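*Asks:* In the numbering used here, the protein residues as written are 384 to 667.
Using N, Cα and C, we set each Cβ at its ideal position, and we do this for glycine too.
None of these values were measured; they are calculated from a predicted model.
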Amino acid sequence: MNQYEANTYSGYMALVVFPLLIIMSLLGAALLPVAAVKLVLLVVAAISAFCLIGFFMVNPNEGRVIQLFGDYRGTATVTGLRWANPLFTKRRVSLRVRNFESGRLKVNDFDGNPIEIAAVIVWKVVDSAEAVFEVDDYESFVAIQSEAALRNLATSYPYDGNGETIALRSHANEISDKLKDEVQGRLAKAGVEVLEARISHLAYAAEIAGAMLQRQQASAIVAARAKIVEGAVGMVESALQSLAEKHVVELDPERRAAMVSNLLVVLCGDQKPQAVINTGSLYQ
384 MNQYEANTYS
394 GYMALVVFPL
404 LIIMSLLGAA
414 LLPVAAVKLV
424 LLVVAAISAF
434 CLIGFFMVNP
444 NEGRVIQLFG
454 DYRGTATVTG
464 LRWANPLFTK
474 RRVSLRVRNF
484 ESGRLKVNDF
494 DGNPIEIAAV
504 IVWKVVDSAE
514 AVFEVDDYES
524 FVAIQSEAAL
534 RNLATSYPYD
544 GNGETIALRS
554 HANEISDKLK
564 DEVQGRLAKA
574 GVEVLEARIS
584 HLAYAAEIAG
594 AMLQRQQASA
604 IVAARAKIVE
614 GAVGMVESAL
624 QSLAEKHVVE
634 LDPERRAAMV
644 SNLLVVLCGD
654 QKPQAVINTG
664 SLYQ
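1. Closer than 6 Å to a non-hydrogen atom of the ligand ATP - does that hold for the CB of Leu415?
2. Just to check my reading of the structure: Thr458 and Glu388 have Cβ atoms closer than 8 Å, yes? What is that Cβ distance to the nearest angstrom?
3. Tell me the DSSP secondary structure of Glu547 in three-state form.
4. Taking the straight line between their C-alpha atoms, what separation do you get for Ile549 and Tyr540?
5. If we ignore side chains and look at the alpha-carbon of each, how far apart do Trp669 and Asp492 end up?
6. Pull the bridge partners of Lys672 from the DSSP assignment, please.
7. Nearest to Ala555 by CA position, among His584, Glu576, Met396 and Ala571, is which residue?
8. Against chain B, does Leu570 count as a neighbour if the rule is that its beta carbon must be under 7 Å from one of theirs?
9. Three or more beta-carbon pairs under 8 Å between the stretch 567-578 and the stretch 515-531, yes or no?
10. Can you tell me which of Met440, Leu424 and Met642 puts its alpha carbon nearest to the alpha carbon of Val616?
11. Determine, using beta carbons only, whether Ser559 and Arg581 come nearer to each other than 7 Å.
12. Can you say whether Arg447 is buried or exposed, counting buried as having 16 or more other CB atoms within 10 angstroms of its CB?
13. Report the rounded CA-to-CA distance for Ile430 versus Leu533, giving the unit in angstroms.
14. Give the single residue among Leu424, Ala514, Val503 and Phe471 whose Cα lies nearest to the Cα of Phe483.
Listed below in structure tokens is the structure:
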């Protein structure tokens with residue numbers, strides 16, 4: 384079932400016509416002596432008064448799903464004061480953009496580590512007929528399906544990756560796109576469009592947070608050390624090459640090895656090195 388525009392009329396014109404019919408019918412019934420005519424005019428006045436129930440208001444970015452005895456008769460989206468058959472039932476459906484923030488869900492990631500995760504889903508109704516008739520309560524449906532999609536996503540990827548695979552913490556944009564696609568797939572039948580999906584909270588569960596923090600710190604230290612060693616080796620290589628090209632000093636392999644060792648100690652050490660004057664020679 385797809386949304387289509389309902390047949391409604393301008394309420395401003397009807398606001399003039401129906402009260403005028405009521406007044407004229409009552410005046411005619413009071414002034415005319417013929418009983419049959421009076422009866423007809425009173426019926427016209429009663430029908431006109433009943434038609435006043437047909438007025439309703441449509442706000443911007445809002446729709447009114449119209450039904451007649453359970454049959455869908457379209458959605459009124461033209462804003463302002465409108466009028467339709469008084470027998471129509473009119474259900475308000477907001478077409479505005481909305482936010483849904485899930486609670487913090489405790490799940491196991493792809494590696495089996497317990498984590499806490501939450502997300503913000505930005506959505507809006509694009510088909511009021513599907514939102515009303517395809518699901519029982521579309522707002523509750525959005526909340527439940529969004530949390531289900533978030534749980535499924537969290538179990539499909541590790542919290543931390545090795546740089547080659549997608550991870551929850553290091554690939555925020557890719558994870559957001561995948562979350563949006565999965566939520567949209569679940570909500571398409573409800574006439575809902577997902578505009579954005581973002582992870583709003585991501586952390587290890589409290590029982591393993593301390594251990595995982597130590598592991599992250601150790602990984603960071605190892606990565607930093609590797610970078611320092613890589614830079615130091617490059618600097619030593621450049622220094623030796625420069626000395627050789629400019630013929631500043633001739634170094635045999637043993638002195639070259641000693642120089643490399645000393646430079647690496649200076650460049651890679653945690654503390655500032657202390658200068659030591661060597662009064663002897665390398666071979667004594």
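*Replies:* In terms of the structure at hand:
1. Only the bare structure without any ligand can be found here, which leaves the ligand ATP out of the picture.
2. Here residue 458 corresponds to residue number 75 of the sequence shown, with the count starting at 1. Here residue 388 corresponds to residue number 5 of the sequence shown, with the count starting at 1. Yes, they are in contact, since the Cβ atoms of Thr458 and Glu388 sit about 7 Å apart, within 8 Å.
3. Taking the first residue of the sequence shown as 1, we reach residue 547 at position 164. Reduced to three states, the DSSP call for Glu547 is coil.
4. Taking the sequence shown and counting its residues from 1, the one referred to as residue 549 is at position 166. Taking the sequence shown and counting its residues from 1, the one referred to as residue 540 is at position 157. Near 7 Å, if we compare the C-alpha coordinates of Tyr540 and Ile549.
5. One cannot answer for residue 669 here, as it falls past the ends of the chain, which runs 384 to 667.
6. In the structure as shown, the chain begins at 384 and stops at 667. Residue 672 is therefore absent and cannot be evaluated.
7. By one-based count along the sequence shown, residue 555 stands at place 172. Nearest option by C-alpha distance: His584.
8. No chain B is part of this structure, which consists of one protein chain only.
9. yes
10. Sequence index remark: in the sequence shown, residue 616 carries index 233 (1-based). When each option's Cα is compared against that of Val616, the closest is Met642.
11. Against the sequence shown, residue 559 aligns to sequence position 176. Against the sequence shown, residue 581 aligns to sequence position 198. For Ser559 and Arg581, yes; Cβs fall inside 7 Å.
12. By one-based count along the sequence shown, residue 447 stands at place 64. By the neighbour-count rule (16 or more Cβ atoms within 10 Å), Arg447 is buried.
13. By one-based count along the sequence shown, residue 430 stands at place 47. By one-based count along the sequence shown, residue 533 stands at place 150. Answer to the nearest angstrom: the Cα atoms are 55 Å apart.
14. As a working mapping, residue 483 is identified with position 100 in the sequence shown. That would be Val503, whose Cα lies nearest to the Cα of Phe483.
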